[in-house]
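S.K.:
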Ligand SMILES: [Ca+2]
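Numbering (this note's numbering), first residue to last: 13 to 413.
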């Protein structure tokens, strides 16, 4: 189905991706019937956390780190001061970035981790990181202070969509809409729709609002929206390497931020999709759809929801071969900022940023990008109701991207 992506300069449509990469996270979905927009839904106290059950350092000298992973070597320096509100200290250090092929067997769609290979050795400096995803209340404070208007609240420009009648260029965003019965999992339009009027203030479109959702992660934010918030908050988006170092919580080579068992002792550790995707969410983890931030146990660094709930924008351009480029450079990559340009072979010409962590729609029936080493991606201007973000603050003067 030909669709165009919001922000695309060129005339002509794109083909709705059917590859595993884009399966569970919608790229900006099509403006149904208009063939207008592309969906890029990608495919989820210091002392206390330092000594927590999933605490950092637990595996630092362990001999059972699965090869080719090597132990995480966290920097020993203490935090440079008290944590900024809502943030935790990520010590940084050297770790193994990526995912091995064994993880592919956990997904109904093979290829989930092929862009997260080879496993490469990376060093990141220490930094502060938001303990949770940015909430609606936090984003509302930003909008009140600045008058900022998000991409989803702005009408697409006619020059970006030549040939589309002006009356059809209406603001909106992508909303997950479960079908009434099982559908073909090869066509994500079976559960995604473009909803005029959907944006962060009204996540399901006109008539919906944020009452009672103040502590839910803000959604329907495009990459530029996340950057604008981060800059206002004197923070920035994490690099992909920072994000993964933080998500691993001091562990090495594990499948999830907490270990290798999805539900240790039967305990849900993340807001994922239970039941029969995409039409029946049983909410066995306690939440059908998005959950308030911080409902599930923190990882070894005190971070919540590093798997599931909503995807999180990272600052890096997405390239499928990004890790190969790092490996080719040799040695330990220090604070890699990501590739200089975006390139996704599945959609050449579409500018994408990295997204990480998976969402409440992730399931082993379809796409397992809640795996801590797996990667997601999203077209820059595409928002949806399962993509949000969190920020980091480097040590020293605030730095925007
Ligand atoms: Ca759930």
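Cβ atoms here follow ideal geometry from the backbone N, Cα and C, with glycine treated the same way.
Taking the DSSP output, what are the residues bridged to residue 367?
M.R.: Locating residue 367 in the chain shown gives position 355, where the first residue counts as 1. Paired residue(s): 325, 388.
S.K.: Which value, in whole angstroms, describes the spacing of the CA atoms of residue 291 and residue 345?
M.R.: Reading the chain shown from its first residue, position 279 is the one you call residue 291. Reading the chain shown from its first residue, position 333 is the one you call residue 345. Per the coordinates, the alpha-carbon of residue 291 lies some 43 angstroms from the alpha-carbon of residue 345.
S.K.: Measuring straight from C-alpha to C-alpha, what distance separates residue 42 and residue 174?
M.R.: Along the chain shown, read from residue 1 onward, the residue named residue 42 stands at position 30. Along the chain shown, read from residue 1 onward, the residue named residue 174 stands at position 162. For residue 42, the predicted model reports a pLDDT of 38, less than 50, meaning its position is unreliable; a value from the coordinates is still stated below. Answer to the nearest angstrom: the Cα atoms are 16 angstroms apart.
S.K.: So, using beta-carbon positions, are residue 88 and residue 163 closer together than 7 angstroms?
M.R.: Working through the chain shown from its first residue, we reach residue 88 at position 76. Working through the chain shown from its first residue, we reach residue 163 at position 151. No, Cβ-Cβ distance for residue 88 and residue 163 is not below 7 angstroms.
S.K.: What did DSSP end up calling residue 268 once you bin it into helix, strand or coil?
M.R.: For the purposes of this step, residue 268 is identified with residue 256 of the chain shown, where counting begins at 1. Of the three classes helix, strand and coil, the one that applies to residue 268 here is strand, per DSSP.
S.K.: Shorter than 6 angstroms, the distance from the beta carbon of residue 321 to the closest heavy atom of ligand 1, or not?
M.R.: As a first step, residue 321 must be located in the chain shown, where it is residue number 309. The answer is no for residue 321.
S.K.: Please classify residue 249 as buried or exposed, where buried requires at least 16 other C-beta atoms within 10 Å of its C-beta.
M.R.: One-based indexing of the chain shown puts residue 249 at position 237. Buried.
S.K.: Could you tell me how far apart the beta carbons of residue 138 and residue 104 are, in whole angstroms, since I believe they sit closer than 8 angstroms?
M.R.: Working through the chain shown from its first residue, we reach residue 138 at position 126. Working through the chain shown from its first residue, we reach residue 104 at position 92. At roughly 4 angstroms, the Cβ-Cβ gap stays under 8 angstroms, so residue 138 and residue 104 are in contact.
S.K.: What whole-angstrom Cβ distance do residue 216 and residue 187 have, given they're in contact under 8 angstroms?
M.R.: Taking the first residue of the chain shown as position 1, residue 216 is located at position 204. Taking the first residue of the chain shown as position 1, residue 187 is located at position 175. Indeed, because the Cβ distance is near 6 angstroms, the residues count as touching under 8 angstroms.
S.K.: Quick check: the Cα distance between residue 132 and residue 339, rounded to an integer number of angstroms?
M.R.: Along the chain shown, one-based indexing puts residue 132 at 120. Along the chain shown, one-based indexing puts residue 339 at 327. Approximately 6 angstroms, taken between the alpha carbons.
S.K.: Would you call the stretch 202 to 217 and the stretch 111 to 131 touching, i.e. three or more CB-CB distances under 8 angstroms?
M.R.: Contact fails: fewer than three Cβ-Cβ distances are below 8 angstroms.
S.K.: Counting only the same chain and skipping the five closest in sequence on each side, list residues whose C-beta sits under 7 angstroms from that of residue 241.
M.R.: Position 229 of the chain shown, counted from the first residue, corresponds to residue 241. Excluding five sequence positions before and after residue 241, the CB atoms of its chain that fall closer than 7 angstroms to its own CB belong to 146, 151, 154, given in chain order.
S.K.: Is residue 144 near residue 299, with beta carbons less than 7 angstroms apart?
M.R.: Taking the first residue of the chain shown as position 1, residue 144 is located at position 132. Taking the first residue of the chain shown as position 1, residue 299 is located at position 287. Taking 7 angstroms as the Cβ cut-off, residue 144 and residue 299 do not qualify as a contacting pair.
S.K.: Classify residue 239: buried if its beta carbon has 16 or more other beta carbons within 10 angstroms, exposed otherwise.
M.R.: Position 227 of the chain shown holds residue 239. Classification of residue 239: buried, given that the 10 Å Cβ count is 16 or more.
S.K.: Pull up the distance between the alpha-carbon of residue 404 and that of residue 115, whole angstroms please.
M.R.: Along the chain shown, one-based indexing puts residue 404 at 392. Along the chain shown, one-based indexing puts residue 115 at 103. Computed Cα separation, rounded: 28 angstroms.
S.K.: Take residue 343 as the anchor and find which of 134, 100, 76 has the nearest alpha-carbon.
M.R.: In the chain shown, residue 343 corresponds to position 331, counting from 1. Measuring from the Cα of residue 343, the nearest candidate turns out to be 134.
S.K.: Please check the pair residue 256 and residue 400, which I expect to be a contact at CB under 8 angstroms, by giving their CB distance rounded to whole angstroms.
M.R.: Numbered from 1 along the chain shown, position 244 holds the residue referred to as residue 256. Numbered from 1 along the chain shown, position 388 holds the residue referred to as residue 400. Incorrect: roughly 17 angstroms between the Cβ atoms, too far for contact.
S.K.: Let me confirm a value: residue 258 is counted as buried when at least 16 other C-beta atoms fall within 10 Å, else exposed. Which label applies?
M.R.: Reading the chain shown from its first residue, position 246 is the one you call residue 258. Per the 10 Å Cβ criterion, buried.
S.K.: CB of residue 372 to nearest heavy atom of ligand 1: below 6 angstroms?
M.R.: For the purposes of this step, residue 372 is taken as the residue at position 360 of the chain shown. Indeed, a heavy atom of ligand 1 lies less than 6 angstroms from the Cβ.
S.K.: Work out the CA separation of residue 251 and residue 408 for me, nearest whole Å.
M.R.: Reading the chain shown from its first residue, position 396 is the one you call residue 408. Reading the chain shown from its first residue, position 239 is the one you call residue 251. Cα to Cα, the separation comes out at about 17 angstroms.
S.K.: Is any heavy atom in ligand 1 found nearer than 6 angstroms to the beta carbon of residue 398?
M.R.: On the chain shown, position 386 is the one that residue 398 refers to. No, the Cβ of residue 398 stays beyond 6 angstroms of every heavy atom of ligand 1.
S.K.: Run through DSSP, which three-state label would residue 207 get?
M.R.: Residue 207 sits at position 195 when you count from the first residue of the chain shown. Annotated three-state conformation of residue 207 is strand, per DSSP.
S.K.: Looking at residue 135 and ligand 1, is the gap between the Cβ and the nearest heavy atom below 6 angstroms?
M.R.: For the purposes of this step, residue 135 is taken as residue 123 along the chain shown, with counting starting at 1. Not so, every heavy atom of ligand 1 lies at least 6 angstroms from the Cβ.
S.K.: Does the distance from the CB of residue 100 to the CB of residue 313 come in under 7 angstroms?
M.R.: Taking the first residue of the chain shown as position 1, residue 100 is located at position 88. Taking the first residue of the chain shown as position 1, residue 313 is located at position 301. Yes, these two residues count as a Cβ contact at 7 angstroms.
S.K.: Please state the DSSP three-state secondary structure of residue 86.
M.R.: Start at 1 with the first residue of the chain shown, and residue 86 comes out as number 74. DSSP places residue 86 in strand when its eight states are reduced to three.
S.K.: Got a sec: does ligand 1 put a non-hydrogen atom nearer than 6 angstroms to the Cβ of residue 297?
M.R.: Here the question's residue 297 lines up with position 285 in the chain shown. True, at least one ligand heavy atom lies under 6 angstroms from that Cβ.
S.K.: Taking 6 angstroms as the line, does the beta carbon of residue 211 fall inside it for any heavy atom of ligand 1?
M.R.: Numbered from its first residue, the chain shown carries residue 211 at position 199. Checking the Cβ of residue 211 against ligand 1 gives no.
S.K.: Return helix, strand or coil for residue 218, following the three-state DSSP convention.
M.R.: If you number the chain shown from 1, residue 218 lands on position 206. Looking at residue 218 - three-state DSSP - the assignment turns out to be coil, as it is neither helix nor strand.
S.K.: Using a threshold of 7 angstroms, state whether the C-beta atoms of residue 364 and residue 356 are closer than that.
M.R.: In the chain shown, counting from the first residue as 1, residue 364 sits at position 352. In the chain shown, counting from the first residue as 1, residue 356 sits at position 344. Yes, Cβ-Cβ distance for residue 364 and residue 356 is below 7 angstroms.
S.K.: Would residue 366 and residue 330 qualify as a contact pair, given that the criterion is a beta-carbon distance under 7 angstroms?
M.R.: Walking along the chain shown from the start, residue 366 turns up at place 354. Walking along the chain shown from the start, residue 330 turns up at place 318. Yes, the pair counts as a contact, with Cβ atoms nearer than the cut-off.
S.K.: Count the other CB atoms, across all protein chains shown, that sit within 10 Å of the CB of residue 279; report buried if there are 16 or more and exposed otherwise.
M.R.: Working through the chain shown from its first residue, we reach residue 279 at position 267. Counting Cβ neighbours within 10 Å, residue 279 comes out exposed, since fewer than 16 surround it.
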